[in-house]
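In what follows, a single structure is set out as structure tokens and then discussed.
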Amino acid sequence: MEKRMKIKPSTLLIFLAAAIFVIVIPNTNEGYSMMIVNLGLIYAIATYGVSVMLGMGGQLSFATVSFMGVGAYITANLCSGRNGINMNTALALVIALLASALLAFGAGLILFRLKGTYFTFATIGLVQVSWSFYLSYKPLFGGPDGISNISTLNLFGFSPKNYNDWFYILAAFVLVIAFLVERVRRSQLGRSLAAIRDNEIAAQTLGINVYMTKVVAFTIAGVLAAVAGSLYAMHSQFVSSDMFTYERATTYIIMAMLGGVNNTAGIFVGSVLVTMLPEWLRFMQQYLQLIYGIGVILLMVFMPMGLAGLASGFAKSLKRKLYSKKKVTAGKEGPKQ
Amino acid sequence: MNINTIVSLSVNGIAMGMIYALMAMGLILLIRAIGVMNFAQGDLLMFGAFVTCALTVDLKLPLWIMIPLALISFAVIGVIFMFTVYWPLKDATYPTATVISTMGAAMALKEIATLIWGSLPRSMPPLMKNPKTGKAAVLNLFGIKLQWQFVLTIIVGAVLIWLVFVLFEKLYAGRMMQAAAQDKYAAELLGIPTILTTAATYIIVVIMVSTGGYMIAPIFMVSNTLGSLQLRAFAGVVIGGLGNIKGAIIGSLIIGLVESFSTIQFSQYKDAVVFIVLIAMLLVRPQGLFGEKVADKA
Amino acid sequence: MLKITDLHAYYGPIEALKGINVHVEAGKITCLIGSNGAGKTTLLNAISGTIKRTGSIIVEGKGEIIDKHSRFIARRGIIHVPEGRHIFPGLTVRENLETGTVNWHGFFGRQPYDKELKEVYKLFPRLEERKNQLGWSLSGGEQQMLAIGRAMMARPAVLMLDEPSMGLAPLVVQELFEKIVEINKQQGIPILLVEQNARLALEISHYAYIIDGGSVKLEGSSSELKNDPRVIEAYLGKFAKKN
């Protein structure tokens, strides 16, 4: 029995688009606009966490920002000379990763004692608690002024000198993470999550440990958020609590929904778009939030599966048109036109 | 800590708890009737506060004109909200889509309020003023000084909640609304106009929430950040227990009290305290104070 | 009483009923039998207006209802007791029964419904015993009685029952069907009975239609069809051929 690797035309298209993106963007942007693109990439990493929890598992969680804070503040505290420590940032990233995994696992164990809506409300509670501490507890989080002077990434001696350098680093991170997330989607874990998303009770009867599966997914989401937070701290070299509010949490959810909450390529597109939109629409800044808000409603009404859903729908109708044409020209019995 | 402080903080806490309870009850009514968690609940409160502020401060309308006008506005807002946010997603296969739509509505509401009334917070005069000093009236209860606005909030909130209970339990129309919320299909087959009952539910919820906004406007200042109060209502719903209205009301009052008393020690961390209590509650009793019931009256 | 002509019904793009002709005669029990997926529930849904349909459904004395919304169909006395009972779980038995009165009582009406309530309690004494109990706490059989009682409160011109025997123990079903016969005999209400339990359905009904694949395959008086070999075959499902 041979196992052929089926390469779909859509996958090729995505790789092509990604390649074009990586080549074109750094050559057409620098400075401020490059920074914005970079932020989009960083947010994409956090949004992949949303994708795992919401897209695969069907659980709406706001906790993304809490764990971004974990990653950001660990990095900030270890790499800014605060408390006399100025550690290598790559090492700090690893520490953040491990710490967030532990915290997310613990939080997940508590939060998933609730189901559905009530779980969501509880994650909001978590966000409020973490934000409150991030805002007020000066010793660890610098209070409203935040923490500054955070060193930039130092990977085996290589440090990005400007935002363009950062772009390549972040693009690499996003690529690796996207690949890993896609692997998860197709793995046993991903399938279990899909079962839970579609019918939790049925999943239970199939022998899936619903509780632990959700906790594992939550942990993954938390780790991804922490990585994003850590990179953010290194990239912006400044961290403050406004990044970790309830309102910011809603942004990540919207990024996920825009791109296609369960589509790996879509998540990336959604994140970058939502980040860039305020810049492109700068001229109508007054109405920005209004358009944004109405846009979200329209998005849910007409494209709940996001841009990815739109794209696949388009691809399907395209295929149908091509396919039916083939049948007629081959002279076989085809559908009546 | 003397008796003065305790009573004063308690009144404060129960007053805020009433506001949260109005939101919490509205949340549950909407979840029952439409299956939708409304993340725009707080912003509806905010909008209601702005509307009443405009009627009271800008148009300088006396109370007896302002109230009916306000109620009509709230009804209109409720219907518009239903048709823009809920109606298009009525048959949605993806329930989270509706939730996120309400998030979009929250943003839109905030911005509409800012566009109409500007981004600066506005102040609203309290309902009762001391004729001598012109400042907010103070009730002197056995030597303890209480802000009348807080006391009125408790009274108005309690009356409103009681009225809604009466509507749902004592009135024929209210029972039909309950039926429509519990099983839309069966209700339609019996001739119950479910569109009307849903609209009525929205109107009631907006009235409750907006009244809350009106009552606390003099205390908080009317600004577009009032929406964040909904997070307390969410906590109240969870503590009260899974969709139980009476539980949500009690849960909200508890949250109000916790918040109020936490200002003694942890003023800065008020938010954290409230939600730590919530999470602690979940550890101890995940089904909330009043546990799991299939459905209860009103 | 109810004349259905060339009825087509659709679930989205799928045509579930392909030109049905059914006549529900006044004062009689008409039954609809067929295997799963044959279109029985679809027919009731089409009549009560909850799915897309074309054709003609005329109610004697009230006119055409094919284009009417389900609320107005209920108001014309066509009461559909759905499959699975669908009683209101959070209302008491008495309140459930009360909801049946909407179509003639009106939302803000003040007319009393004690007479109708008393009649339903006489028909189903068990409901009176449990009148303050919440709907979800009733047994399956009691819920079915409640659903039918609720429909009776609506002063139905035609009562449509969708698989009342589903999920109930044989003794309970027996009792239930006796009540159905009683309703028809004593109050002369025409009943359209959709059933999986073909034997029972043929036993209590006057006229029967056998549906398969969205169209009527056979019809006739129940006493004839009971002894028809083709119908006997249909119990075993041989009638449901794949084309």
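Protein chains in written order, with numbering that gives the first Met the number 0: chain C, 0 to 336; chain E, 0 to 297; chain X, 0 to 242. Glycine residues also receive a C-beta, built at the ideal position from the N, C-alpha and C atoms. Note that the structure is a prediction, hence the values are computed from the model and not measured.
Asked                                                                                                                                                                         : Found
Assuming H22/X is part of the beta strand (DSSP E), what are its boundary residues?                                                                                           : I13 to V23
Assuming A216/C and G56/C form a contact by the criterion Cβ under 8 Å, report the distance between their Cβ atoms to the nearest whole angstrom.                             : 5 Å
Residues of chain C with a CB under 8 Å from the CB of D270/E: which are they?                                                                                                : Q127, V128, W130 and S131
Using a beta-carbon distance cut-off of less than 7 Å, what residues from the segment 173-197 of chain E approach chain X?                                                    : R174, M175, Q177, A178, Q181, D182, Y184, A185, E187, L188, L189, G190, I191 and P192
Does the separation of the CB atoms of G212/E and G156/E fall below 8 Å?                                                                                                      : no
Can you list the residues of chain C that K109/E reaches, using a CB-CB cut of under 9 Å?                                                                                     : Q288, L289 and G292
Keeping to the same chain, check which residues put their C-beta closer than 7 Å to that of K67/X; ignore five residues upstream and five downstream.                         : G48
Where does R154/X sit, in a helix, a strand or coil, going by DSSP?                                                                                                           : coil
How many angstroms separate the CA atom of D113/X from the CA atom of L31/X?                                                                                                  : 33 Å
Between which residues of its own chain and I206/E is the CB-CB distance below 6 Å, once the five residues before and five after are set aside?                               : F73
What does the alpha-carbon distance come out to for the pair I86/X and R74/X?                                                                                                 : 19 Å
Between which two residues does the beta strand (DSSP E) carrying V260/C extend?                                                                                              : Taken as a continuous stretch (DSSP letters only), V260/C belongs to no beta strand (DSSP E), as it is neither H nor E.
What first and last residue would you give for the beta strand (DSSP E) that runs through S55/X?                                                                              : K51 to V58
Spatial neighbours of Y251/C within its chain, please: CB distance less than 6 Å, with the 5 preceding and 5 following residues excluded, ordered by chain position.          : A45, T46, V49 and T63
From the DSSP output, which residues share a beta bridge with I340/C?                                                                                                         : Outside the modelled stretch of chain C, which goes from 0 to 336, sits residue 340/C, for which no answer is possible.
Cα separation between L175/X and S138/X?                                                                                                                                      : 13 Å
Could you have a look at V137/E and say whether DSSP puts it in helix, strand or coil?                                                                                        : strand
Exposed or buried, what is A8/X when buried is set at 16 or more other beta-carbons lying within 10 Å of its beta-carbon?                                                     : buried
Comparing alpha-carbon positions, which option in V271/C, G259/C and L92/C lies nearest C78/C?                                                                                : L92/C
Could you tell me whether the Cβ of G148/X comes closer than 8 Å to any Cβ of chain E?                                                                                        : no
Could you tell me which whole alpha helix (DSSP H) segments of length 4 or greater appear in the segment 204-272 of chain E?                                                  : 229-239 and 244-264
With distances taken from CA atoms, which of D5/X, E14/X, M159/X and I28/X is nearest G219/X?                                                                                 : I28/X
List the residues of chain E whose Cβ lies closer than 9 Å to the Cβ of V69/C, in chain order.                                                                                : Result: empty, since nearest Cβ-Cβ is about 15 Å, beyond 9 Å.
Are the beta-carbon atoms belonging to S209/E and A232/E less than 8 Å from one another?                                                                                      : no
Count the other C-beta atoms from every protein chain shown that fall within 10 angstroms of the C-beta of F61/C, then say buried if there are 16 or more, exposed otherwise. : buried
Go ahead and pull the three-state DSSP assignment for F166/C.                                                                                                                 : helix
How close, in whole Å, do the beta carbons of I19/X and L6/X come, if the pair is a contact with beta carbons under 8 Å?                                                      : 4 Å
Looking at the strands, I want to know which residues DSSP matches up with C30/X.                                                                                             : L192/X and A207/X
Per DSSP, what kind of secondary structure is Q58/C in: helix, strand or coil?                                                                                                : coil
Do L169/C and A89/C have their beta-carbon atoms positioned less than 8 Å apart in this structure?                                                                            : no
Residues in the same chain with beta-carbon distance under 7 Å from N102/X, minus the five sequence neighbours each way, listed in chain order, please.                       : A73, R74 and A153
What does DSSP give as the partner residue(s) for K2/X in the beta ladder?                                                                                                    : H22/X and I57/X
Pull up the distance between the alpha-carbon of D227/X and that of L160/X, whole angstroms please.                                                                           : 25 Å
Between which residues of its own chain and G76/X is the CB-CB distance below 8 Å, once the five residues before and five after are set aside?                                : V58, K61, N102, A153, R154, P155, A156 and V157
Is the shortest distance between the beta-carbon of T340/C and the beta-carbons of chain E less than 8 Å?                                                                     : This structure gives no information on residue 340/C, because the portion of chain C shown stretches from 0 to 336.
From M127/E, V165/E and K169/E, pick the residue whose C-alpha is nearest to that of F149/E; which is it?                                                                     : M127/E
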